[in-house]
Amino acid sequence: MLPLAWRNQSGEFMLLARLSDTQALVQRPSMPTPDMLDRQQLAEQWSGEVIRLRQSGLRFDLSWFVPELLRHRRILGEVLLCSLLLQVLALATPLFFQAVMDKVMVHRALSTLDVLVMTLVVVGLFEVLLKGLREYLAAHTANRIDIGLGVKLLRHLLGLPLLYFKQRQVGAIITRVQELDSIREFLTGSLLTLCVDVAFTLVFFAVMAWISWPLTLLVLLTLPLYALLAWFSTGPLEKRIERQFYSAARNTAFLNESVSSSETIKSLAVEPRMQRRWESQTAQMVEAGFASQTLGSAISQTVMLLQKVTAVAVICWGASRVIDLQMSIGQLIAFNMMLSHVSQPVAKLIEVWQQFVRVRVSVDKLGDMLNLPVEQAEGICARHRRCVAKCASNSWCSATVRNLSGCCAAWTCRSPRGRPWASSGRPGPARAR
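Residues 2 to 434 in our numbering are what the sequence shown lists, from first letter to last.
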């Protein structure tokens, strides 16, 4: 807890540097040297008021992307609406086949078949148009978000102190900057549409339960297996992705330095040694990528196995129920088609979970740069400039504004009488203590 800033009974702020069983080392702002007080003197001057400083809780995470996403919330909402309508239209095909098998073929109602076919054609056209519109809106919005995020990232990168660039390789910085694209693609791509797909599976489960609740219960019992698969694969997958990231960053840094220092390499005639080093690092990078791809492929194949086993179990049990006249052939066909619409979002959820593990590693590596405070900007932002202007208008003798990560984290002013005015956190009205 030491050193500790505190205020004595007379209102003077002091610094407690060291404390023993009998004495205390105290520094007064008005004195050039510290004073040694005994515990009794310290207790007499102690007021119980202590100044505690804590590090800002603003850390880089996925919330860094939220403001840019909210700027385009209307278009993103339209993308979600298109996904919702597509899920509604997806119900038409299974119900169409059920009606054909149970109504048209049994009663030989050709007029009903014509109506169903025309309806299905119209639904198919709307589905194609909605998919095209959704892809266009998603791509257009993603490009606009890329521009905003890129500008924001470059502003922070150029605001970092020169020491940051001297202590790090150029390739390592470039690799971290490139991770921004993968994070943005995850947020505006698969994750956005998956939210609607997974939520709409509840509607599919409701329709499936209306057709046959025993078969629906069988499908629901397989869902915990997918959750266990995602849970046990997270740790190994994250370790392999981190290894792949470090290998790629080291390789990129080596390539950039080799190209920029080509004149020095040739003058020293060290091309063979650089070639051997490049081959060794490339082999390590390929090995790390292969290990990550192998685990990802194993997870995908396990998901496919669970889907096939579930489909076989549904067909076998459904066929026995058809034989026992507990459900019709059309209901079995419709249920099996809806099963694919349910299993696809679940499989996609496992795939997105793997992407989330990769994105979490990317956020961690990109945070190594975005969590660092930037230098004092040449001009303080508009809100902070107003704070300084207010200090000048009130004839306050001095004002100090510290710019951390693009915003003021703490600022202090002093009145002409020397009374301290202080405010911590974001700038706001100063108050006297």
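Yeah, the Cβ is synthetic: ideal placement off N, Cα and C, and Gly gets one too.
What span of residues does the beta strand (DSSP E) with residue i cover, start to end?
i, result
"Q282", "Counting along the chain, Q282 falls outside any beta strand (DSSP E), though it belongs to the alpha helix (DSSP H) covering E272 to I324."
"L92", "Element bounds for L92: n/a, residue is neither H nor E."
"A25", "Q24 to Q28"
"R169", "Unbroken run through R169: none, as it is neither H nor E."
"M15", "F14 to L20"
From which residue to which residue does the alpha helix (DSSP H) around residue i run?
i, result
"N257", "W214 to S261"
"N9", "Taken as a continuous stretch (DSSP letters only), N9 belongs to no alpha helix (DSSP H), being part of the beta strand (DSSP E) at L5 to N9."
"R135", "L111 to G160"
"M370", "I330 to L371"
Sort the options by Cα distance to residue i and report the nearest one.
i, options, result
"L333", "I351, G236, L81 and A314", "A314"
"F127", "L90, L26 and T94", "L90"
"S191", "A143, Q42 and T265", "A143"
"R277", "Q294, S261 and L256", "L256"
"G290", "S261, R244 and M37", "R244"
"L150", "P30, L371 and V271", "L371"
"S6", "Q24, L164 and G49", "Looking at the sequence provided, one finds Ala at residue 6 rather than Ser. Per the Cα distances, G49."
"L86", "R361, Q179, K132 and D147", "K132"
"P4", "F97, W211, I52 and A312", "I52"
"A139", "F61, G78 and L16", "G78"
"E239", "W354, L111, Q41 and M119", "W354"
"G12", "S268, Q42 and W47", "W47"
"W214", "L154, W318 and E45", "W318"
"L229", "Q345, V343, T303 and L216", "T303"
"L340", "A249, S321, P273 and M209", "M209"
"T113", "V122, V123, M275 and A100", "A100"
"L195", "M102, S344, P162 and Q285", "S344"
"F246", "W279, Q41, D198 and R359", "R359"
"L81", "S183, L130, L43 and T189", "T189"
"L367", "T223, Q24, S261 and D62", "D62"
"L219", "D182, L307 and A249", "L307"
"F201", "V347, E280, A292 and E264", "V347"
"Q10", "T311, E45 and P30", "E45"
"D182", "L38, R145 and L159", "R145"
"A231", "L203, I351, L154 and Y137", "I351"
"I316", "S301, T295 and M338", "M338"
"L20", "S31, Q41 and Y227", "Q41"
Count the other CB atoms, across all protein chains shown, that sit within 10 Å of the CB of residue i; report buried if there are 16 or more and exposed otherwise.
i, result
"C83", "buried"
"G297", "buried"
"I174", "buried"
"Q327", "exposed"
"W65", "buried"
"R74", "exposed"
"I324", "exposed"
"Q168", "exposed"
"F233", "exposed"
"P95", "buried"
"M15", "buried"
"H108", "exposed"
"M106", "exposed"
"S363", "buried"
"A207", "exposed"
"H342", "buried"
"A284", "exposed"
For residue i, collect the residues of the same chain with a Cβ closer than 7 Å to its Cβ; drop the 5 residues on either side in sequence, then sort them by chain order.
i, result
"R251", "Q282"
"P35", "A18, L26, V27 and Q28"
"Q356", "F187 and S191"
"L43", "A25"
Can you list, in chain order, the residues of its chain with a C-beta nearer than 8 Å to that of residue i? Leave out the 5 residues immediately preceding and following it.
i, result
"D369", "R177"
"E258", "Q170, V171 and G172"
"L117", "F97, A100, V101 and V105"
"D147", "D182 and R185"
Between residue i and the rest of its own chain, which residues show a CB-CB distance below 6 Å, the 5 nearest in sequence each way excluded?
i, result
"L405", "Per-residue confidence for L405 stands at a pLDDT of 34, beneath the threshold of 50, marking its modelled position as unreliable; the derived number appears in the next sentence. So the list reads P374, once near-sequence residues are dropped."
"P33", "none"
"A270", "none"
"D436", "Beyond the ends of the chain as shown, which are 2 and 434, falls residue 436; an answer cannot be given."
"L38", "A25 and V27"
"V124", "L90 and A93"
Is the closest heavy atom of the ligand GDP to the C-beta of residue i under 8 Å?
i, result
"A207", "Looking for the ligand GDP in the displayed structure turns up nothing, as the structure carries no ligands at all."
Which residue spans inside the stretch 35-74 form an unbroken beta strand (DSSP E) run of at least 3? 36-39 and 47-52
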